[in-house]
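Numbering (my numbering), first residue to last: 161 to 565.
Right, here's the structure in full:
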């Protein structure tokens with residue numbers, strides 16, 4: 161039975177306000193033992209009439225703490241109402257968007273894609289150490305040079321190695337030869353266990369990695385690995401623009417995926433999503449958090465339940481077909497831009513099924529790029545400038561840019 165379906169505003173309000181009623185009420189209940197409450201009512205007015213029709217803002221003011229992972233065992237019972245909505249959100253993302261089997265995944269709403277990627281790397285580092293007896297210095301992150309800098313941050317924080325695979329400068333694609341060379345170089349350094357980060361649309365180029373190149377090469381070279389998909393940018397776009405691909409849970413080699421709702425989904429900042437197959441997130445269990453009901457399996461610890469409500473509300477407002485239609489509109493605008501660039505002979509790159517168009521710096525003046533807020537790949541020595549086709553980036557707004565190229 162489909163979980164994700166379009167709801168009216170009335171149905172969404174009824175569901176969220178009903179969930180808040182299941183959460184603890186600090187005014188009505190004599191709660192003495194938890195260091196949490198609603199937002200300070202001397203600063204944040206809680207009786208504004210508009211709040212009766214504002215489920216997200218009401219949740220923000222109620223301030224539920226969604227500490228822990230609610231798809232696994234017990235959770236803090238004070239906030240069970242809104243936690244149920246987060247659990248439903250995890251199922252929508254893992255099963256209906258990313259094609260996983262029912263009730264086969266754990267996950268939570270993280271503070272963003274950086275945390276979600278770091279959570280995956282933390283889980284797999286511990287997995288290799290606990291299950292395979294790996295030493296710290298034998299574990300290595302493997303990713304493309306176009307991968308998000310959160311992978312470098314994770315390598316630094318978790319004190320493990322990292323190797324970058326070179327990509328083609330023009331079409332941003334990986335090659336089996338470059339992957340093989342990168343793995344062999346790391347094997348020569350003593351790295352035996354690899355945490356692969358494959359991209360579902362990179363932040364700069366919108367490029368998509370061929371995961372088979374990673375898995376086939378690692379299998380051939382006899383290396384142990386775990387595969388994580390960084391869909392922080394593309395997770396709410398690529399599955400709707402591309403029907404057949406291997407960057408989801410229908411691929412048995414994919415262990416976990418990051419989504420980021422505060423990009424394409426336009427949710428409030430602080431709404432990344434971490435998803436993994438059952439049995440994996442336990443390697444990030446912080447047993448010392450014994451006072452937390454159900455313990456804590458997340459990197460962030462305490463987190464706002466309002467973020468999960470916001471993402472759920474957006475998905476339910478559109479429904480799967482409404483969201484697909486929105487993506488098609490953005491794809492058509494990207495097609496229009498690329499056609500105009502082709503007519504003018506402007507060198508550019510665009511991944512099929514992507515809404516990011518990057519223009520070579522040699523074909524655009526720096527002052528024009530600055531005028532239209534185009535983002536460079538490198539602020540010191542830019543080789544590319546990117547246009548991101550969002551809802552506010554209409555053809556009427558693209559036309560002046562094209563006219564100046």
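The C-beta atom is built at its ideal place from N, Cα and C for all residues, glycine as well.
Worksheet item: Counting pairs of beta carbons, one from the region 302 to 310 and one from the region 453 to 465, are three or more of them closer than 8 Å?
Response: no
Fill in: Helix, strand or coil at residue 560 [DSSP, three-state]
helix
Discussion item. Are the CB atoms of residue 419 and residue 371 within a distance shorter than 8 Å?
Written reply: no
Item to complete: Compute the beta-carbon to beta-carbon distance between residue 245 and residue 468, rounded to the nearest angstrom, for a pair I have assumed lies under 8 Å.
Response: 6 Å
Item to complete: Keeping to the same chain, check which residues put their C-beta closer than 7 Å to that of residue 229; ignore five residues upstream and five downstream.
Response: 266, 268, 441, 457 and 458
Practice prompt. Could you pull out every residue in the same chain whose Cβ sits closer than 8 Å to the Cβ of residue 306, ignoring the five residues on either side in sequence?
Written response: 327, 332, 359, 362, 364, 365 and 367
Worksheet item: So which of 181, 172 and 285 has the shortest CA-CA distance to residue 318?
Response: 285
Worksheet item: Quick one: what's got a C-beta closer than 8 Å to residue 508's C-beta in the same chain, skipping five residues either side?
Response: 498, 501, 517, 518, 519, 520 and 523
Discussion item. I need the DSSP call for residue 377, collapsed to helix, strand or coil.
Written reply: helix
Discussion item. Could you tell me which whole beta strand (DSSP E) segments of length 3 or greater appear in the region 487 to 547?
Written reply: 516 to 520
Worksheet item: From residue 506 to residue 216, what distance separates their C-alpha atoms?
Response: 44 Å
Discussion item. Quick check on this structure: which residue in 182, 225 and 178 has the alpha carbon closest to the alpha carbon of residue 198?
Written reply: 225
Fill in: Opposing strand residues paired with residue 432 [DSSP bridges]
270 and 420
Practice prompt. Count the other C-beta atoms from every protein chain shown that fall within 10 angstroms of the C-beta of residue 401, then say buried if there are 16 or more, exposed otherwise.
Written response: buried
Item to complete: Could you pull out every unbroken alpha helix (DSSP H) segment of at least 4 residues lying fully inside the region 289 to 343, listed in chain order?
Response: 310 to 318
Worksheet item: Could you check where the beta strand (DSSP E) with residue 386 kicks off and where it finishes?
Response: 384 to 391
Worksheet item: Beta carbon of residue 234, beta carbon of residue 453: below 8 Å?
Response: yes
Worksheet item: Buried or exposed: which applies to residue 210, given that a residue is buried once 16 or more other Cβ atoms fall within 10 Å of its Cβ?
Response: exposed
Practice prompt. Determine the extent of the alpha helix (DSSP H) in which residue 457 is found, giving its start and end residues.
Written response: Premise fails: residue 457 is in no alpha helix (DSSP H) and is neither H nor E.
Worksheet item: Where does the unbroken alpha helix (DSSP H) through residue 179 begin, and where does it stop?
Response: 169 to 182
Practice prompt. Go ahead and pull the three-state DSSP assignment for residue 370.
Written response: coil
Worksheet item: Can you tell me whether residue 330 is buried or exposed, with buried defined as 16 or more other CB within 10 angstroms of its CB?
Response: exposed
Discussion item. For residue 543 and residue 535, I'd like the C-alpha separation in whole angstroms.
Written reply: 11 Å
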